[in-house]
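**Q** Here's a structure for you.
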Amino acid sequence: MDQNTMIDLCKKHTLYTWAASGSVAPMPIERTEGIFLYSPDGKRYYDFNSQLMSVNIGHAHPKVIAAMKAQLDAQLLYSFPASATIPRARLGQQLAELMPPNINTSFFTLSGAEANENAIKAVRMYSGRFKILSRYRSYHGATNATMQLTGDPRRLPNEPGSPGFVHVFDPWPYDYSFGETDEEITRNNLRYLEETIMYEGPETIAAMFIETVTGTNGVLAPPDGYLVGLRALLDKYGILMVCDEVMAGFGRTGKMFAFEHAGIEPDIVTIAKGLTSSYTPLGAMCVSDKIAKHFQDNVFWGGLTYNSHALSLATASAVIDVMKEERLVENSQKMGVVMRREMDRLTEKHPCIRQARNIGLFGMIDLQKNAQGERMAPYNGTSPAMKRLGELFREKGLFTFVRWGSFMCNPPLCITEAQLLECFAIVDSALDVIDAEYFER
Ligand SMILES: Cc1ncc(COP(=O)(O)O)c(C=O)c1O
1 MDQNTMIDLC KKHTLYTWAA SGSVAPMPIE RTEGIFLYSP DGKRYYDFNS QLMSVNIGHA
61 HPKVIAAMKA QLDAQLLYSF PASATIPRAR LGQQLAELMP PNINTSFFTL SGAEANENAI
121 KAVRMYSGRF KILSRYRSYH GATNATMQLT GDPRRLPNEP GSPGFVHVFD PWPYDYSFGE
181 TDEEITRNNL RYLEETIMYE GPETIAAMFI ETVTGTNGVL APPDGYLVGL RALLDKYGIL
241 MVCDEVMAGF GRTGKMFAFE HAGIEPDIVT IAKGLTSSYT PLGAMCVSDK IAKHFQDNVF
301 WGGLTYNSHA LSLATASAVI DVMKEERLVE NSQKMGVVMR REMDRLTEKH PCIRQARNIG
361 LFGMIDLQKN AQGERMAPYN GTSPAMKRLG ELFREKGLFT FVRWGSFMCN PPLCITEAQL
421 LECFAIVDSA LDVIDAEYFE R
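Each residue of the sequence shown is one higher than the one before, counting from 1 in this note's numbering.
Take a look at the structure:
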């Protein structure tokens, strides 16, 4: 099928996400390999966003593809809920080994949203409380309940949703500030949170969900002391802590899971994306021993036809093996240092850069249109400059997410230093154009 027919048929017969489909200009992709995407006409793009911040091991890894084929050859694609299979046994054990000592039990889903959706149910059933706290600058999924859990503006067209979701400010709000230093920000944010808990009634609150490192809403690593303080505050009121590691997990931040940076143990960790590096759909809710014990004795009122699908579980096992063999978490940490250096270099050079943040290979650059720090596009909006930037990246062979006044820097964790420098050289040349055409001097 030629490229234009492919685009026409996709537009004619399928709907695209988060957009009016008629306005979408789909990117034609025929093949992917390592850190590259290839269009049918042979154009090569650096995947500077790991698809949806998810292809952590890189595209089309031969060992994972071989494991997937072996699972097909084994003629076991079974996912009957009450079955025992080798892929289920193996992945359950691998995840128990990767998680902190208090977490040894997983419930498998098909996506990150479903992992959070089931976590909402689990914390309510476990605690007998119904309210859930989450933060405004968060995304937790596009199902009905996870849209209400989400704080960012994608929630708004989905309202009103089901009751019981209470949103609070992040330690790093969009404009408001809790202080100057990490210590001050942590102290003030947690004081504010404790007051919110008081108003809401602690005995009504089952859990607080956080993206351990906020992803699409800014790549915001928590200030020093925040996670430890939050853990203690939630414990004080018997509120469970759920870390959504759908985007931040599986090495993205330079640790296997982002909560490891603070040495805390969550009550539930939700995962997806990097779990299979997007080779097949899979998510999981990984629960602490006390919650697992509850569901040994009480029914977990949840299920999916494709729970524990053998192909997805075998894929995830192979992905985890590759991550270990190729030391990709260590590479993420090492390449994160290179990314920081490049971000500092570009910030020095380009007046249009407002701020550049990264933790491991999780990065974002915010742009400004003048020296007063006015953002290059408004909150939840776009601008001619940001549209132009997206076009420049595509023309120059770099795929990444351009959102509001920012863009993402999230390559696969297998990227080499030379490749990372090539990506930043493209970013550099695109920002030259933005400086010249859009920065108001
Ligand atoms: C932090 C976070 N949680 C949950 C989700 C939802 O995952 P999925 O798209 O697999 O449903 C996402 C997706 O981007 C995410 O970034």
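From the three backbone atoms N, C-alpha and C, an ideal C-beta is built for every residue, glycine too.
The beta strand (DSSP E) spanning Ala-70 covers which residue range?
**A** Careful: Ala-70 lies outside any beta strand (DSSP E), inside the alpha helix (DSSP H) at 62-73.
**Q** What residue range is occupied by the uninterrupted beta strand (DSSP E) comprising Tyr-46?
**A** 44-47 is the extent of the beta strand (DSSP E) around Tyr-46.
**Q** Quick check: does the Cβ of Ala-318 come within less than 7 angstroms of any heavy atom belonging to ligand 1?
**A** It does not: the Cβ of Ala-318 is nowhere closer than 7 angstroms to a heavy atom of ligand 1.
**Q** Taking Cβ positions, are Asn-331 and Met-343 nearer each other than 8 angstroms?
**A** Going by C-beta atoms, Asn-331 is not nearer than 8 angstroms to Met-343.
**Q** Nearest CA to the CA of Leu-421: which residue from Arg-340, Pro-100 and Asn-118?
**A** The shortest Cα separation from Leu-421 among Arg-340, Pro-100 and Asn-118 belongs to Arg-340.
**Q** Check each candidate in Leu-133, Leu-431, Val-287 and Phe-362 and name the one with the smallest Cα separation from Val-55.
**A** Checking every option, the nearest Cα to that of Val-55 belongs to Phe-362.
**Q** Would you report the Cα separation of Thr-374 and Gln-368, rounded to the nearest angstrom?
**A** Sequence check: residue 374 is Glu here, not Thr. Approximately 5 angstroms, taken between the alpha carbons.
**Q** Enumerated in chain order, which unbroken segments of the beta strand (DSSP E) with a length of 3 residues or greater are wholly contained in the stretch 356-393?
**A** For the stretch 356-393, whole beta strand (DSSP E) runs of length 3 or above, ordered along the chain, are 362-367.
**Q** I want to check one thing, is the minimum distance from the CB of Ala-66 to the heavy atoms of ligand 1 below 7 angstroms?
**A** It does not: the Cβ of Ala-66 is nowhere closer than 7 angstroms to a heavy atom of ligand 1.
**Q** Tell me the rounded alpha-carbon separation between Glu-211 and His-261.
**A** Going by the C-alpha atoms only, they are around 14 angstroms apart.
**Q** Please list the terminal residues of the continuous beta strand (DSSP E) segment that includes Glu-211.
**A** Counting along the chain, the beta strand (DSSP E) containing Glu-211 begins and ends at 205-211.
**Q** Examine ligand 1 and report whether any of its heavy atoms sits within less than 7 angstroms of the Cβ of Glu-211.
**A** Correct: Glu-211 has its Cβ closer than 7 angstroms to ligand 1.
**Q** If we call anything under 8 angstroms between Cβ atoms a contact, is Val-168 one with Leu-133?
**A** Yes, these two residues count as a Cβ contact at 8 angstroms.
**Q** What does DSSP give as the partner residue(s) for Val-228 in the beta ladder?
**A** DSSP output for Val-228 lists no bridge partner at all.
**Q** Less than 8 angstroms between CB atoms is the rule here; does Ser-317 satisfy it with respect to chain B?
**A** The structure shown contains no chain B; it is built from a single protein chain.
**Q** Grouping DSSP H, G and I as helix and E and B as strand, with all else coil, what is Val-77?
**A** Here residue 77 is Leu; the residue named in the question, Val, does not match the sequence. DSSP places Leu-77 in coil when its eight states are reduced to three.
**Q** Please identify the residue among Gln-372, Tyr-16 and Gly-405 whose C-alpha is closest to the C-alpha of Gly-381.
**A** Here the closest residue by C-alpha is Gly-405.
**Q** What first and last residue would you give for the beta strand (DSSP E) that runs through Phe-107?
**A** 103-109 is the span of the beta strand (DSSP E), which, as asked, contains Phe-107.
**Q** Would you kindly work out how many angstroms separate the C-alpha atoms of Leu-72 and Ile-185, rounded to a whole number?
**A** About 52 angstroms.
**Q** Can you find the residues in the same chain that come closer than 6 angstroms, C-beta to C-beta, to Val-329, ignoring five residues on each side of it along the sequence?
**A** For Val-329, where only same-chain residues beyond five positions count, the Cβ hits under 6 angstroms are Gly-251 and Met-256.
**Q** Give me the residue from Thr-14, Ala-292, Glu-33 and Pro-81 with the minimum Cα distance to Ile-415.
**A** Nearest option by C-alpha distance: Glu-33.
**Q** Run through the stretch 117-188 for me and flag every whole alpha helix (DSSP H) of 4 or more residues, listed as ranges in chain order.
**A** 144-149, all fully within the stretch 117-188.
**Q** Could you tell me if Lys-131 is buried or exposed, where buried requires 16 or more neighbouring beta carbons within 10 angstroms of its beta carbon?
**A** With 16 or more other Cβ atoms within 10 Å, it is buried.
**Q** Are the stretch 280-292 and the stretch 103-120 in contact at 8 angstroms, needing three or more beta carbon pairs?
**A** The stretch 280-292 is in contact with the stretch 103-120.
**Q** So, do the stretch 156-167 and the stretch 312-331 have three or more beta carbon pairs nearer to each other than 8 angstroms?
**A** With the cut-off at 8 angstroms, the stretch 156-167 and the stretch 312-331 do not touch.
**Q** In whole angstroms, what is the alpha-carbon distance linking Glu-117 and Ala-25?
**A** So the alpha carbons of these two residues sit roughly 31 angstroms apart.
**Q** State buried or exposed for Asn-307, treating a residue as buried only when at least 16 other CB atoms are found within 10 Å of its CB.
**A** Asn-307 should be labelled buried.
**Q** My output table needs one value for Phe-36: the three-state DSSP class, helix, strand or coil.
**A** The answer is strand: DSSP assigns Phe-36 an E or B state.
**Q** Would you mind stating whether Ser-138 and Asn-217 have Cβ atoms separated by less than 8 angstroms?
**A** Yes, these two residues count as a Cβ contact at 8 angstroms.
**Q** Would you report the Cα separation of His-140 and Ile-271, rounded to the nearest angstrom?
**A** So the two alpha carbons sit approximately 11 angstroms from each other.
**Q** Put Asp-2 into one of helix, strand or coil per three-state DSSP.
**A** It is coil, neither helix nor strand.
**Q** DSSP puts Phe-407 in a beta bridge; with which residues?
**A** Note: Phe-407 sits in a beta bridge opposite Ile-365 and Val-402.
**Q** In terms of residue numbering, what span does the beta strand (DSSP E) encompassing Met-53 cover?
**A** Taken as a continuous stretch (DSSP letters only), Met-53 belongs to no beta strand (DSSP E), being part of the alpha helix (DSSP H) at 50-53.
**Q** Give the secondary structure of Cys-352 by DSSP, where H, G and I count as helix, E and B as strand, and everything else as coil.
**A** Coil at Cys-352, not helix or strand.
**Q** Measuring straight from C-alpha to C-alpha, what distance separates Tyr-379 and Arg-354?
**A** Rounded to whole angstroms, Tyr-379 to Arg-354 spans 15 angstroms at the Cα level.
**Q** Flag Tyr-176 as yes when its Cβ comes closer than 7 angstroms to any non-hydrogen atom of ligand 1, and as no otherwise.
**A** No, ligand 1 has no heavy atom inside 7 angstroms of this Cβ.
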